[in-house]
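Please read the structure below before turning to the comments.
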Amino acid sequence: MNGWLWAAAVLVVALAPLLWVTVRLPAPEGVVAVEAAGVDATMALLLVARGTDREPFADLALVLAVVSFVGAIAYLRFVEVLRD
Amino acid sequence: MLRDVVMWLLAGAGVALQVLVCLGVTLMRDALDRLHYASASTLGVACLCGAVLVRDPASLIGLKTLLTGAFLLLTGPVLVHATARAIHLHREAEARR
Chain A
10 MNGWLWAAAV
20 LVVALAPLLW
30 VTVRLPAPEG
40 VVAVEAAGVD
50 ATMALLLVAR
60 GTDREPFADL
70 ALVLAVVSFV
80 GAIAYLRFVE
90 VLRD
Chain B
67 MLRDVVMWLL
77 AGAGVALQVL
87 VCLGVTLMRD
97 ALDRLHYASA
107 STLGVACLCG
117 AVLVRDPASL
127 IGLKTLLTGA
137 FLLLTGPVLV
147 HATARAIHLH
157 REAEARR
């Protein structure tokens, strides 16, 4: 394992507390942890791509960044529309 | 040599910032405090993408890193604003009930 993969491993371990917060909190507050987890996982995938020299992981990181953003915005819109 | 030092400094700072973000989101009690820490992840993104770009700027992985980093840096503030607005409106609606 090289330094890039060790850095990716640290970021993957850091996802665990975010998962715990997401499960524990009620709906609108928990989305903050989901957003942070999306960025964290995206960075982990980029580091894996660099560490293994495999481009598909970088593709995955880009797709995850877009899907994470669109999903979070859609969910927040849903929360706003249904608040009353 | 100098390039390696800069690369590992950026990578270490990026990982440390991301871990700090995770700890802040986990340990803070209020949703807006959590959001404050989550917004700091743009710094970690900048450092980590910078480290990858210093390692090899002229490759496909470098190009995709640039795209991903630019996307996260541009959409991060939008997401934080939308989240803060949704939490605020949700709390107002809860207070009216």
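Just so you know, the protein sequences line up as chains A and B, in that order. The first sequence begins at 10 in the working numbering and counts up one residue at a time. The second sequence begins at 67 in the working numbering and counts up one residue at a time. Every residue, glycine too, gets a C-beta built ideally from N, C-alpha and C.
Hey, V87 of chain B and A112 of chain B: beta-carbon distance below 8 Å or not? no
Using the C-alpha atoms, what's the distance from K130 of chain B back to A67 of chain A? 6 Å
For R162 of chain B, which residues from the same chain have a beta carbon less than 6 Å from its beta carbon, with the 5 sequence-adjacent residues on both sides left out? none
Partner residues on chain A for G116 of chain B, Cβ-Cβ distance less than 7 Å: In chain order: nothing, as chain A lies at least about 12 Å away.
Within chain A, partners of A161 of chain B - CB distance below 9 Å: By Cβ distance, chain A contributes nothing, its closest Cβ being about 11 Å from A161 of chain B, past 9 Å.
Buried versus exposed, by CB contacts within 10 Å (16 or more), V76 of chain A: exposed
Quick check on the burial criterion: 16 or more other C-beta atoms within 10 angstroms. Buried or exposed for D49 of chain A? buried
Take the Cβ of A36 of chain A as the centre, count every other Cβ of all protein chains shown within 10 Å, and call the residue buried at 16 or more, exposed below. exposed
Which of the residues in the segment 48-79 of chain A, read from start to end, lie with their CB under 8 Å from any CB of chain B? V48, D49, T51, M52, L55, L56, A58, R59, D62, E64, A67, D68, A70, L71, A74, V75 and F78
Alpha-carbon spacing of H102 of chain B relative to H154 of chain B, whole angstroms: 14 Å
For chain B, check one thing: does any of its Cβ atoms lie closer than 8 Å to the Cβ of L14 of chain A? no
L85 of chain A, buried or exposed, once every other Cβ within 10 Å from all chains shown has been counted against 16: buried
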